[in-house]
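Asks: Pasting in a structure now, in structure tokens, and then I'll have a few things to ask.
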Amino acid sequence: MYRIGVDVGGTFTDFTLHDDADGSIRFFKVPSTPHDPSAAIEAGLLQMLDGFGLQAGNVGYLGHGTTVATNIVIERRGARTGLLTTRGFRDVLELGRQARPSIYDYRVQKPPVLVPRDLRIEVTERTGPDGSVLVSLDETTLEAAITQLAESGVESVAICFLHCYANPVHESLAKAAVERRMPGVFVSASSEILPEFREFERMSTTVVNAFVGPRMGRYLDRFRERVKAIGIPAEPYTIHSNGGLMSVATVRNCPVRTCVSGPAAGVVGAAEIGRVAGFPNLITFDVGGTSTDVSLIHRSRPLYTSSRLVAGYPIKTPMLDIHVIGAGGGSIARIDDAGAMKVGPQSAGADPGPVAYGRGGTEPTITDANLTLGRLDAGTLLGGRMMMDLEAARRVIHDRVAKPLGLPIEAAALGIIQIANANMSRAIRSVSVEKGYDVSEFALAAFGGAGPLHAAEVAVECGIPRLLVPREPGTLCARGMLLSDLSSDYVRSHFADASAESWQHVLGLFVEMIAEGSAWLDGEAVAPGARSFRRILDARYRGQNFEVKVDCDGLEAGQLAALIDRFHEAHTQEYGYAIPTREVEFVSARVQATGAVNKAPQSRITGGPSLGAAVIGRRQLYVDARHGWQQATVFDRDRLPVGVPIKGPAIINEMSATTLLFPGQSAMVEPFGNIIVEVNA
Amino acid sequence: MSKPIADPIQMEVFSNRLLAIAEDMGSILIRSSFSSNIKERKDASTALFDARGRLVAQADHIPIHLGAMIGAVETILARYRLDEMAPGDAFICNDPYLAGGSHLPDISIITPIHHDGEVRFFAGNIAHHADVGGRTPGSTSGVSRSIFEEGIRLPVIRIARAGTIDEDLLSLIAVNTRDPEERLLDLRTQIGTNLRGGAMLIALLDRMGWPATEQAIEDILAYTGRRLRNRIAALPDGVYRFERSMDDDGFPGVPVPIVCTARIAGETLELDFEGSGPEARGAINLPDSAIKASCYYCVKAVLDPGLMPNQGIIDPIRITAPPGTIVNPRPPAAVAARAVTSNRLCGAVFGALFQALPPERVMASCNDSTSATSVSGFNPRRQATYVYPESMGGGAGAFADRDGMDAVHVHTVNSTNLPAEALELEYPLILEEYCFVPDSGGAGRHRGGLGMARQIRILADGTIFSARSDAHVIPAPGVFGGKPSNVTRILRNPGTEREEVLHSKSSGLVMAAGETIRVETLGAGGYGPPTERPLDRLAADLREGKVTRAAAERDYGVEMVCRALA
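Here the protein sequences line up with chains A and B, keeping their order. Following the numbering used here from start to finish, the first sequence increments by one per residue and tops out at 689. Following the numbering used here from start to finish, the second sequence increments by one per residue and tops out at 580.
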């Protein structure tokens, strides 16, 4: 059986294929087709199966990561959407939390609201915070509202009533009425999408879901048909923002959960690779063409966050906590009018790309600097399928940076890289040191096309002792699809002082949500033995307005005291202190349902016979002002032996990335094929 | 004038390292404090100074704190010699008149950082505490008549010596506030934050050595100064004057003008507030640190939002205000409710600076206000008293090419609202409506942003309502023929026979169960003549109900409205 992971990026669509028969992994990529991403998936699958001589009928697993939902939001190409809400609150969607998007730059505007005011219609109804009905749902205003939406030609309807998390009856009635009156229209009720208090975030999430729903549904249909047409029998999965997999049917109802799906697969992949290789604590460092994504994995578990802005719209779903900065291979270096050099966030992207690509780029980029210093080889991009122009890169660095600053060309190019590294290091510190983690206990997992080029210097800057470079780092996101499990998250708000009764109530909510999760796992055909449920309670001290997540695994009725102890511990981990005398309040109960997928096993690699056999050349590499140019040995990663130390300066090449070793650093391929670098700061 | 940069690459790298330290301090301060002001609203800032007291780096959190610790560090340096300071010492202060403070709830902690036996840096942080005592809970009453009513005053005091906190002093401060447990926690966090910043600075000095560090500091300050001077030099020389006014001085009376005269000559900018009205009787005076922060905010926002907050943006600007005015009060004038004055002053500075810019870079006046309200009473569910603070924004000014943003906070305020669901879960109150105020934005080729309305029903007898608001009389003006906004109003029991219009600084109103309060804030000014408004935009406003037909016919004319609807 074969397993295939597909990651659809802006420029390339990456594939990773795992052969269960011999444990081998193969990598492949084709240009993306942004008008219909499933076209590139189909083309790539066909070419790959054909090229490797494999039968489509033997593909038993297909996982894919997609930015379709994200792009619909960014480009605002979603459905014409209407909103039904409680009387008095239709403007909440546009008022938001009333903060402006940029503190200092008043020219920065809020993103245009996804549902215009005349399609936001109020219905007479009111539920109280305890779930009691204060004003019954008024059928007349509801019917009139639906008539108005139907006449406006909306394709999708979001419903968000106040306090529906405490009692969803009014939303359910409204949803049923919309479905009855407007058959074929996509309907999202907030109590189904996110039954959690704080109306604006819930409304925004529900509206985004409704906005992307119809178009995402059509994409999923095409994707499924194409996969079927090729002859692949497996039902495809999609990775969602929490790093777990979902079936097409689940994604169809809740597409908002895929809004940060792209980078999630890389993080989940890194976590799993690190777990198997014995590196449970990782900081992921994913450097692409325009941005760098960093995140933290502690004890093999990635950190989660519950909300994030996508194109300026708040989305609240459990998601991996990934910090993004505008620094990547295409980031442009500029000298400003006051004499400082800045690198990024402007980027030449993939088109025109760096000057060295020869596609019309005119401004010096990080990639041009790396090429100038011999850190990248002009002929190694995409396994030699693309040549770069070294002379053009040197010329632009000279003209735009070295000459104006009166510096030698090497110092200018190195300066660009040092500034980029300083930016990237700040991002790494913000996900690690600033959250109370000791970076000396972590390894930097470097991937993306340019991660392994910058990782050694960035690790030194941050005080991280070692690197882990997985195989084919440029396509790790595609591989991550093969290393993930099915998962889905459930939440119920329950606002109460901590007491034996309220704990009993929370336990009841857990039971309810586990039943819901079980029903979902039934639908996904997960065997009972492969299921697990994580129970989490959001709690806080009285007087606070933010919550701490408490792991409730193993806690049952009668164990309130143990729960409170765990809350104090969790508060200490998160904020550095606890106040044992202060009253505790419960806010929301959560369950994460997981169905273990029969994942692609990671197998030990054989490796090449000796270091000497892996040498493919030597190249001059510029290290820094002190070491200057040094002769570095160039290795072919696929032929490196396992467990043999490699001394820097050295360059390790593979199809999708280049790994650098500086003088004094050493590396070794560990049994599962990852390169471990000791940076020896 | 300004020195050339010795090493632009090392400067940029160093600048990232310094900012990483300031941001790290900011995140630990916000993460570890208890007050929701600090934790949720991020009403706190962290900064690094050199041994001469020059601001070297500040983490961006809230504009009213821009450069706000400079006065504190200056006071410390005037009072103590560097060789009197030991590693592990920490100073505390908050007083606007004695220690460069902003208002009493903003407490600063400043810590000298030694390396090789010398003070090389000061690490500082300032945080808005939920309460520092005084006549009203929250310590920000709009109607105090002197600073003695506003809470505990702290001149510069050494709160820690050689790493040991003076517990006696700390408890003296804490017991003078309404929640001593919270205050102790937050003050300890502030002291710890600087120690953490100090440890990181020492590691940086170990790595770079003092000479390279000193060079990089000089480069950063020279660079920022050069960048700002370039922006100023690009403006036409001249004298530009703009006036905004407060409705009154905190008690019913006549408007109080705030006049800004911007004098631009070559690379220098002077902001002079001569002509501004007298010191207020109420608590809306703007002390030195707050007027400076407001001016730095304006210059950064209007000329170059990317300017790094350090001494380099401070030195090229000269700020003068005549003593005894609302913008340069004398002790013991009350200052607690300075936020609304700060925003109005920013409106005056923006208006003056915009006259030096081409029309396409001009924005019409924003609401330049903020309406803070407080509802307090007894919560039967909790069997305890509660205080619910809220602050509301309004419209943002229209631009040459687009309408102003609806319903946002502007200038030095940027706090978030309390969601209806959180409000109703917590307090015996019901939020009946939260919406835009139609017709509140000034008409024009581009319309000013709309204000917002919030209507609350009270569920328990004996509930107390207070407001610190303004712009109930004077609207936000339009520009280049654009119309002004409406004005703010606060209504008690709107739409009933008992409806009553309240004064902007109503204080201590006792309300009964079933009564309602409605606050409607002002919008912002329009840009360009209404006759030039694109018909499709006017049609959209009418369709969306952001502008009513009657108002549109008044501002745009019946004929234009008919064409828009055709």
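Cβ coordinates follow ideal geometry from the N, Cα and C atoms, glycine included. Given the structure is predicted, the values throughout are model-derived calculations rather than measurements.
Would you grab the beta carbon distance between A/Val16 and A/Pro45 for me? Rounded to a whole angstrom, and I think it's under 8 angstroms.
Replies: Residue numbering aside, residue 16 of chain A sits at position 8 when the first sequence is read from its first letter. Residue numbering aside, residue 45 of chain A sits at position 37 when the first sequence is read from its first letter. Right, their Cβ atoms sit about 5 angstroms apart.
Asks: If we call anything under 8 angstroms between Cβ atoms a contact, is A/Thr93 one with A/Val318?
Replies: Counting from one through the first sequence, the residue named residue 93 of chain A turns up at place 85. Counting from one through the first sequence, the residue named residue 318 of chain A turns up at place 310. No.
Asks: Fully enclosed by the stretch 198–276 of chain B, which beta strand (DSSP E) runs are 3 residues long or longer?
Replies: Taking only runs of at least 3 residues, the beta strand (DSSP E) segments lying wholly in the stretch 198–276 of chain B are 252–260.
Asks: Using a Cβ-Cβ cut-off of 8 angstroms, state whether A/Lys324 counts as contacting chain B.
Replies: Position 316 of the first sequence holds residue 324 of chain A. It does not; no Cβ of chain B falls within 8 angstroms.
Asks: Please specify which runs of the beta strand (DSSP E), each continuous and at least 3 residues long, are wholly inside the stretch 265–340 of chain B, giving them in chain order.
Replies: Fully enclosed beta strand (DSSP E) runs of 3 or longer: 270–279, 282–286 and 331–334.
Asks: I want to see whether chain D comes within less than 8 angstroms of A/Leu170, judged by CB atoms only; does it?
Replies: Of the protein chains in the structure, A and B, none is chain D.
Asks: Measuring CA to CA, which of A/Phe518, A/Ala547, A/Ser495 and A/Val499 is closest to A/Gly531?
Replies: Here residue 531 of chain A refers to the residue found at position 523 when the first sequence is read from its first residue. Nearest C-alpha to A/Gly531: A/Ser495.
Asks: Strictly below 8 angstroms CB to CB, what residues from chain B border A/Gly347?
Replies: Counted from its first residue, the first sequence places residue 347 of chain A at position 339. Chain B residues near A/Gly347: Pro18, Ile19, Pro22, Tyr237 and Arg240.
Asks: State yes or no: is the C-beta of B/His423 within less than 8 angstroms of the C-beta of A/Gln117?
Replies: Along the second sequence, read from residue 1 onward, the residue named residue 423 of chain B stands at position 409. Along the first sequence, read from residue 1 onward, the residue named residue 117 of chain A stands at position 109. No.
Asks: Using a Cβ-Cβ cut-off of 8 angstroms, state whether A/Gly636 counts as contacting chain B.
Replies: Locating residue 636 of chain A in the first sequence gives position 628, where the first residue counts as 1. With 8 angstroms as the cut-off, A/Gly636 does not count as an interface residue toward chain B.
Asks: On the three-pair Cβ rule with 8 angstroms, is the stretch 323–336 of chain B touching the stretch 348–362 of chain B?
Replies: No: fewer than three Cβ pairs fall under 8 angstroms.
Asks: Taking only beta-carbon positions, decide if A/Gly516 is within less than 8 angstroms of chain B.
Replies: Sequence index remark: in the first sequence, residue 516 of chain A carries index 508 (1-based). So no, A/Gly516 is outside the interface.
Asks: In the stretch 511–573 of chain B, which residue ranges form an unbroken alpha helix (DSSP H) of at least 4 residues, counting only runs that do not cross its ends?
Replies: Listed in chain order, the complete alpha helix (DSSP H) runs (minimum 4 residues) inside the stretch 511–573 of chain B are 549–558 and 563–570.
Asks: Hey, quick one: how far does the alpha helix (DSSP H) through A/Arg383 stretch, first residue to last?
Replies: Here residue 383 of chain A corresponds to residue number 375 of the first sequence, with the count starting at 1. That residue, A/Arg383, is in no alpha helix (DSSP H); it is neither H nor E in DSSP.
Asks: Using a Cβ cut-off of 8 angstroms (strictly closer), state whether B/Leu359 contacts chain A.
Replies: Position 345 of the second sequence holds residue 359 of chain B. No, B/Leu359 lies away from the interface with chain A (no Cβ there is under 8 angstroms from its Cβ).
Asks: For a contact defined as C-beta to C-beta under 8 angstroms, what are the partners of A/Gly681 on chain B?
Replies: One-based indexing of the first sequence puts residue 681 of chain A at position 673. None at all; the shortest Cβ gap to chain B is about 34 angstroms.
Asks: Could you check if A/Trp528 is buried or exposed, using at least 16 other CB atoms within 10 Å of its CB as the buried criterion?
Replies: Residue mapping note: residue 528 of chain A aligns to position 520 of the first sequence, counting from 1. That one is buried.
Asks: I'd like to check one pair, B/Asp109 with B/Arg175: are the Cβ atoms closer than 8 angstroms?
Replies: If you number the second sequence from 1, residue 175 of chain B lands on position 161. If you number the second sequence from 1, residue 109 of chain B lands on position 95. Contact: no.
Asks: For B/Asn51 and B/Lys314, I'd like the C-alpha separation in whole angstroms.
Replies: The residue given as residue 51 of chain B occupies position 37 in the second sequence. The residue given as residue 314 of chain B occupies position 300 in the second sequence. If I take the Cα positions, the gap works out to 25 angstroms.
Asks: Compile a chain-ordered list of the residues in the stretch 404–427 of chain A whose CB is closer than 9 angstroms to at least one CB of chain B.
Replies: Correct list: Leu413, Leu415, Ala419, Ala420, Leu422, Gly423, Ile424, Gln426 and Ile427.
Asks: Quick one: residues in its chain with C-beta nearer than 6 angstroms to the C-beta of A/Glu582, no 5 flanking neighbours on either side, listed in chain order?
Replies: Locating residue 582 of chain A in the first sequence gives position 574, where the first residue counts as 1. Taken in chain order, the residues that qualify are Val556.
Asks: Throw me the rounded Cβ distance for the B/Cys274 and B/Ala366 pair, which I believe falls under 8 angstroms.
Replies: The residue labelled residue 274 of chain B in the question sits at position 260 within the second sequence. The residue labelled residue 366 of chain B in the question sits at position 352 within the second sequence. That pair is a contact at about 4 angstroms.
Asks: Answer yes or no: does any C-beta atom of chain A fall closer than 8 angstroms to that of B/Leu33?
Replies: Reading the second sequence from its first residue, position 19 is the one you call residue 33 of chain B. Yes, contact with chain A.
Asks: So within the stretch 627–655 of chain A, which uninterrupted beta strand (DSSP E) runs reach at least 3 residues, ignoring any that extend past its ends?
Replies: List check, beta strand (DSSP E) in window: 637–644.
Asks: What's the call for B/Ala564, buried or exposed, on a 16-neighbour Cβ count within 10 Å?
Replies: As a first step, residue 564 of chain B must be located in the second sequence, where it is residue number 550. The residue in question, B/Ala564, is exposed, as its Cβ has fewer than 16 Cβ neighbours within 10 Å.
Asks: Looking only at its chain, what residues have a beta carbon closer than 6 angstroms to the beta carbon of B/Glu567, apart from the 5 residues adjacent to it on each side?
Replies: For the purposes of this step, residue 567 of chain B is identified with residue 553 of the second sequence, where counting begins at 1. Result list for B/Glu567: Val575, in chain order.
Asks: Give every residue of the same chain whose Cβ lies closer than 8 angstroms to the Cβ of A/Ser618, excluding the five residues on either side of it in the sequence, and list them in chain order.
Replies: Indexing the first sequence from 1 puts residue 618 of chain A at position 610. Pro649 and Val652, listed in sequence order.
Asks: Once the 5 residues before and after A/Gly239 are set aside, which same chain residues still bring their CB inside 7 angstroms of it?
Replies: Here residue 239 of chain A is taken as the residue at index 231 of the first sequence, counted from 1. Once the five neighbours on either side are set aside, the close Cβ partners of A/Gly239 are Ala64 and Gly65.
Asks: Please state the DSSP three-state secondary structure of A/Gly702.
Replies: Within the shown structure, residues of chain A are numbered from 9 to 689, placing residue 702 of chain A beyond reach of any answer.
Asks: Skipping 5 residues on each side, what residues in its chain have a beta carbon closer than 6 angstroms to that of A/Ser196?
Replies: Walking along the first sequence from the start, residue 196 of chain A turns up at place 188. Within the same chain, A/Ser196 has close Cβ partners Ala166, Thr214, Asn217 and Ala218.
Asks: What residues in its chain sit with their C-beta under 6 angstroms from that of B/Gly465, if we drop five residues either side in the sequence?
Replies: Counting from 1 along the second sequence, the entry for residue 465 of chain B is found at position 451. Excluding positions up to five away in sequence, the list reads Gly408, Gly409, Val451, Ser454, Thr535, Leu536 and Gly537.
Asks: Three-state secondary structure (DSSP) at B/Met406?
Replies: As a first step, residue 406 of chain B is located in the second sequence; it is residue number 392 there, counting from the start. Note: B/Met406 maps to strand in three-state DSSP.
Asks: For B/Leu473 and B/Leu443, which I take to be in contact (beta-carbon distance under 8 angstroms), what is that distance rounded to the nearest angstrom?
Replies: Mapped onto the second sequence, residue 473 of chain B falls at position 459. Mapped onto the second sequence, residue 443 of chain B falls at position 429. Going by Cβ atoms, the distance from B/Leu473 to B/Leu443 rounds to 6 angstroms, so yes, they are a contact pair.
Asks: Within a Cβ cutoff of 7 angstroms, which residues of the same chain sit near B/Gly264, ignoring the five residues on either side of it in sequence?
Replies: Reading the second sequence from its first residue, position 250 is the one you call residue 264 of chain B. These residues qualify, in order along the chain: Gly156, Val157, Ala294, Arg295, Gly296, Ala297, Ile298 and Lys519.
Asks: Taking C-alpha atoms, which residue in A/Val275, A/Arg383, A/Met396 and A/Arg590 lies nearest to A/Gly366?
Replies: The residue given as residue 366 of chain A occupies position 358 in the first sequence. Minimum Cα distance to A/Gly366 is reached at A/Met396.
Asks: Would you mind listing the alpha helix (DSSP H) stretches within the stretch 124–191 of chain A that are 4+ residues and don't spill past its ends, in chain order?
Replies: Qualifying alpha helix (DSSP H) stretches, in chain order: 147–159 and 177–189.
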